[in-house]
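Everything below concerns the one structure shown next.
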Amino acid sequence: MKEILLVGFYQPNEALSHFLVSAQQEFKIPIRYLQEYAALGTGGGLYHFRDQILSGGPEAFFVLNADVCSEFPLPEMLTFQRQRGGTPAFVILGTTANRKQSLNYGCIVANADTHEVLHYVEKPSTFVSEVINCGIYLFTPAIFQHIGEVFQRNQQELLLEETSNGWQRAEVIRLEQDVFTALAGRHALYVYKTDGFWSQIKSAGSAIYANRLYLSQYSQCHPERLACNQPGGPTIRGDVYVHPTAAVDSSAVLGPNVSIGKGVTVGAGVRLRESIILHGASLQDHTCVLNSIVGWDSTIGRWARVEGTPSDPNPNDPYAKIDSETLFRDGRLTPSITILGCNVTIPAEVVILNSIVLPHKELSRSYKNQIIL
Amino acid sequence: MKALILVGGYGTRLRPLTLSAPKPLVDFCNKPILLHQLEALRQAGVSHVVLAVSYMSEALERAMREQEQRLGIRISLSHEKEPLGTAGPLALARELLAEGTEPFFVLNSDVICDFPFAALLRFHRHHGREGSIVVTKVEEPSKYGVVVCDAETGRIHRFVEKPQVFVSNKINAGMYIFNPSLLQRIQLRPTSIEKEIFPVMAEDGQLYAMELQGFWMDIGQPKDFLTGMCMYLQSLRVQHPERLHSGTGFVGNVLVDPSAKIGMNCTIGPNVTIGAGVVVEDGVRIKRCTILKGSQIRSHSWLESCIVGWRSSVGQWVRMENVTVLGEDVIVNDELYLNGASVLPHKSISESVPEPRIIM
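Going down the list, the sequences are from chains W and U. Going by the UniProt record's numbering, the residue at position 181 of the first sequence is 181; the numbering climbs one at a time, nothing skipped. Going by the UniProt record's numbering, the residue at position 37 of the second sequence is 37; the numbering climbs one at a time, nothing skipped.
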């Protein structure tokens, strides 16, 4: 890998620049952010920045959606692509979903022997295939011809319209519907199926699930990254990550599935389970945090309880995916994990249950099933 | 002198506690409810107490034999075969109560206050009529039946049930003294003393009201049991501050049995009663709770407005609040949240109860 490009419509800010600098230092690879001038869809941004992507003459390049977690079997995808030989092959990473949930994803029908994609449909209304698109691709530069065709077609269709209604742009291109559906059955698009973990991270609730998946991968591939029980240290249960700069009292009990960020303070008798504590947060003595995300620089007072409801996929179905629950159902907030935004202050002894607290809030009492603006 | 205590039925309002012990034997501030009354009656010179019960309980009989010994008074159980209301039991116990010409006390068993029996007796002798009742002031009289009486003499004019406009803020406090002649007004059938006997006595000019000084609470249900506890502990603070616990980690009025063990870094109080043999581990926060005998509260838990039944165990990092009541021998697993749960005896709880309900 020579370079990493981040493409998005997101307005760059200090946090992003800071992240880019530290990530470049850590991974020793150039990382740049390319901002779209308008939201261009999943294919439009690629096409717009095609010269940037092709500079340096790459043989192939990976494209990843930012809102997925996976063990990212990129070397395997590359080997798979090379085995196709001959014509340039584009590879989609696929995985298995159950029949019901497959309808929420891009569905792929492939030749069982050659793995060629024969049919592609995005979020069908009836069942098409249990193999779904993971949003992780390996392309060769030839992909731009196909995206270009879509662009040209869009352009012509716009010219035919009597009045342009202003917001439609030829440059808005959907990789899935516009490109993959057209490429299916043309000996160019292949699916590499993985049985490794994969999940979307579309809701805050899925961040807790993704955290667990990554920690579980650490325990297999990088056990040295995880915390372990040591004399004079806190009690660790299951997979727990503690940043070296975090100060955790020896009487705290952490885990399973807890990540503790930079400079976090964890007081005496604190209990953390299935939670993410972001950098600079301070958890005072005897607090209990379950199924929650505690935002940067937030403070939780003594004996306070911050608790959410887990929204895990059905544990009895190996192919079940996390449901992207809508925030509200029947006019009520769906019970989900509790999220504290950055710099939130929770007073001592209160309970915050199934709630979302926006940044910089200083609460003065208990809250349940609420969004605190 | 004699006294009759209307113990009545199974104490269903104080379930799940009364599923394990007769209500009079449930500890209130580390002493059985009935004992608060027996001791006050003895103090006022009562030598024979009749308990009007509608069910027989071996535990109650045994406890009363013990108290006869301890207090040196006679305690009889008068058992009604069918519910007789609040007046019928007096007719049933007629022979016990009408032995002499001395007045006798009658009281509801759910009442907790600074019992004013000596003052009531003086008041009664002073006006010389048939009966006297204790009244107490309430903030919201429309919820109760109120007593309208003469401000100077205390003579009762009438009773008004749940008044819609203000007529009085005094309610019947459930404590009376009567001359034996009262018994002629009552027949052996289900009768309400408040609704059928008192209005007639008031009309005859035979009933007077004495206003109670200090606190008063009907502790017949858990919410009021806790409120009554707060009042009782405050009264201890004024009258017997040496009985309350103090020191680092104790806030406000806290009553701790000497055999209880409290861990390090706890904050207990205000308004907490901890019973005999209770173990509170390190880092526990308790306020406005009663912890009954032999229970265990494990480390880092947080309890407010709860009653923890005998020999129960509350796990680590448990949060219990909003009048959660654990029956006898309940186990609450680690890290759970109980909000207004009412847990029947011998249950083991392994899931949180986020909204008030009964756990069977």
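Built from N, CA and C at the ideal position, the CB exists for glycine as well.
Q | Any chain W beta carbon closer than 9 Å to Arg285 of chain U | A | Within the second sequence, residue 285 of chain U is the residue found at index 285, counting from 1. Closer than 9 Å to some Cβ of chain W, the Cβ of Arg285 of chain U qualifies, so yes.
Q: Identify which residue in U:Tyr144, U:Arg357, U:Met1 has its Cα closest to the Cα of Phe104 of chain U.
A: Translated into positions along the second sequence, residue 104 of chain U becomes position 104. Closest by alpha carbon: U:Met1.
Q. Listed from N- to C-terminal order along the chain, which residues in the stretch 116-139 of chain U have their beta-carbon within a distance smaller than 9 Å of any beta-carbon of chain W?
A. Residues of the stretch 116-139 of chain U with a C-beta atom less than 9 Å from some C-beta of chain W do not occur.
Q: Please report the residue range of the beta strand (DSSP E) in which Asp218 of chain U lies.
A: Residue numbering aside, residue 218 of chain U sits at position 218 when the second sequence is read from its first letter. Where Asp218 of chain U is concerned, the enclosing beta strand (DSSP E) stretches over 216-218.
Q: May I ask you to report which of helix, strand or coil DSSP gives Met320 of chain U?
A: To locate residue 320 of chain U, count along the second sequence from 1; it is residue 320. The three-state secondary structure of Met320 of chain U, taken from DSSP, is strand.
Q | Residue nearest to Pro12 of chain W in terms of C-alpha spacing, selected from W:Gly135, W:Pro30, W:Gln35 | A | Position 12 of the first sequence, counted from the first residue, corresponds to residue 12 of chain W. That would be W:Gln35, whose Cα lies nearest to the Cα of Pro12 of chain W.
Q) Is any beta-carbon of chain W found at less than 9 Å from that of Trp317 of chain U? A) The sequence position of residue 317 of chain U within the second sequence is 317, counting from 1. By this cut-off, Trp317 of chain U is an interface position.
(Q) Would the stretch 294-303 of chain W count as touching the stretch 320-333 of chain U if we require 3 or more Cβ pairs under 8 Å? (A) Contact fails: fewer than three Cβ-Cβ distances are below 8 Å.
Q. For Ile73 of chain U, does the three-state DSSP call read helix, strand or coil?
A. As a first step, residue 73 of chain U must be located in the second sequence, where it is residue number 73. In this structure, Ile73 of chain U counts as coil in the three-state DSSP scheme.
Q. At which residues does the alpha helix (DSSP H) containing Phe151 of chain W begin and terminate?
A. Here the question's residue 151 of chain W lines up with position 151 in the first sequence. Segment 143-160, the alpha helix (DSSP H) holding Phe151 of chain W.
Q | Contacting residues, own chain, Cβ-Cβ under 8 Å from Glu139 of chain U (five flanking each side not counted) | A | For the purposes of this step, residue 139 of chain U is taken as residue 139 along the second sequence, with counting starting at 1. Result list for Glu139 of chain U: Asn169, in chain order.
Q.
Please list, in chain order, the residues of the stretch 295-324 of chain W that have any C-beta partner in chain U closer than 7 Å.
A. Within the stretch 295-324 of chain W, the qualifying residues are Trp303, Arg305, Glu307.
**Q.** DSSP bridge partner residues for Glu304 of chain U (one or two, in chain order)
**A.** Residue mapping note: residue 304 of chain U aligns to position 304 of the second sequence, counting from 1. Its beta-bridge partners are U:Lys287.
Q.
Here's the rule I'm using: 16 or more other beta-carbon atoms within 10 Å means buried, otherwise exposed. How should His124 of chain U be labelled?
A. Along the second sequence, read from residue 1 onward, the residue named residue 124 of chain U stands at position 124. So His124 of chain U counts as buried.
Q. Within 9 Å (strictly less), CB to CB, does Val351 of chain W reach chain U?
A. Here residue 351 of chain W refers to the residue found at position 351 of the first sequence. By this cut-off, Val351 of chain W is an interface position.
Q.
Strictly below 9 Å CB to CB, what residues from chain U border residue 376 of chain W?
A. In the structure as shown, chain W begins at 1 and stops at 373. Residue 376 of chain W is therefore absent and cannot be evaluated.
Q) Along chain W, in chain order, which residues have C-beta atoms closer than 8 Å to that of Glu335 of chain U? A) Reading the second sequence from its first residue, position 335 is the one you call residue 335 of chain U. Neighbourhood of Glu335 of chain U in chain W, by CB distance below 8 Å: Arg271, Arg273, Cys288, Leu290, in chain order.
(Q) Just to confirm the assignment, what range does the alpha helix (DSSP H) spanning Tyr47 of chain W have? (A) If you number the first sequence from 1, residue 47 of chain W lands on position 47. First-last of the alpha helix (DSSP H) with Tyr47 of chain W: 41-48.
Q: Could you say if the stretch 16-26 of chain U and the stretch 79-99 of chain U meet the contact criterion of at least three C-beta pairs nearer than 8 Å?
A: Not touching, per the Cβ criterion.
Q | Rounded separation between Val242 of chain W and Ile219 of chain U - CA only | A | Working through the first sequence from its first residue, we reach residue 242 of chain W at position 242. Working through the second sequence from its first residue, we reach residue 219 of chain U at position 219. Roughly 50 Å separates the two Cα atoms.
Q) Which of helix, strand or coil does DSSP assign to Ala113 of chain U? A) Along the second sequence, read from residue 1 onward, the residue named residue 113 of chain U stands at position 113. The residue you asked about is not Ala; residue 113 of chain U is Cys in the sequence shown. The DSSP-derived three-state label of Cys113 of chain U is strand.
Q) Using DSSP with H/G/I as helix, E/B as strand and the rest coil, what is Glu26 of chain W? A) If you number the first sequence from 1, residue 26 of chain W lands on position 26. Assignment of Glu26 of chain W by DSSP, reduced to helix, strand and coil, places it in the helix class.
Q. Can you name the start and end residues of the alpha helix (DSSP H) that Asn211 of chain W belongs to?
A. The residue you call residue 211 of chain W lines up with position 211 of the first sequence. DSSP places Asn211 of chain W in the uninterrupted alpha helix (DSSP H) bounded by 204-221.
Q: Consult DSSP for Cys149 of chain U and reduce its assignment to one of helix, strand or coil.
A: Translated into positions along the second sequence, residue 149 of chain U becomes position 149. Three-state result, Cys149 of chain U: strand.
Q. With contact counted as at least three CB pairs below 8 Å, one residue from each stretch, are the stretch 260-278 of chain W and the stretch 232-252 of chain W in contact?
A. Three or more Cβ pairs closer than 8 Å define a contact, and the stretch 260-278 of chain W meets that threshold against the stretch 232-252 of chain W.
Q) Would DSSP call Lys261 of chain U helix, strand or coil? A) As a working note, residue 261 of chain U is residue 261 in the second sequence. Lys261 of chain U falls in the strand class under three-state DSSP.
Q. So, using beta-carbon positions, are Arg74 of chain U and Ser47 of chain U closer together than 9 Å?
A. Taking the second sequence and counting its residues from 1, one reaches residue 74 of chain U at position 74. Taking the second sequence and counting its residues from 1, one reaches residue 47 of chain U at position 47. Closer than 9 Å, so yes.
Q. Comparing alpha-carbon positions, which option in W:His360, W:Gly269, W:Gln284 lies nearest Glu335 of chain U?
A. Here the question's residue 335 of chain U lines up with position 335 in the second sequence. When only C-alpha atoms are compared, the closest one is W:Gly269.
Q. Which residues, taken in chain order from the stretch 147-177 of chain U, show a beta carbon closer than 9 Å to some beta carbon of chain W?
A. Listed in chain order, the positions of the stretch 147-177 of chain U with a beta carbon within less than 9 Å of a beta carbon of chain W would be empty, since no residue qualifies.
**Q.** Between the CA atoms of Glu80 of chain U and Leu188 of chain U - distance to the nearest angstrom
**A.** Locating residue 188 of chain U in the second sequence gives position 188, where the first residue counts as 1. Locating residue 80 of chain U in the second sequence gives position 80, where the first residue counts as 1. Taking the straight line joining both Cα atoms gives about 10 Å.
Q | 7 Å CB neighbourhood of Ala118 of chain U in its chain, flanking five on each side removed | A | As a working mapping, residue 118 of chain U is identified with position 118 in the second sequence. Within the same chain, Ala118 of chain U has close Cβ partners Ala44.
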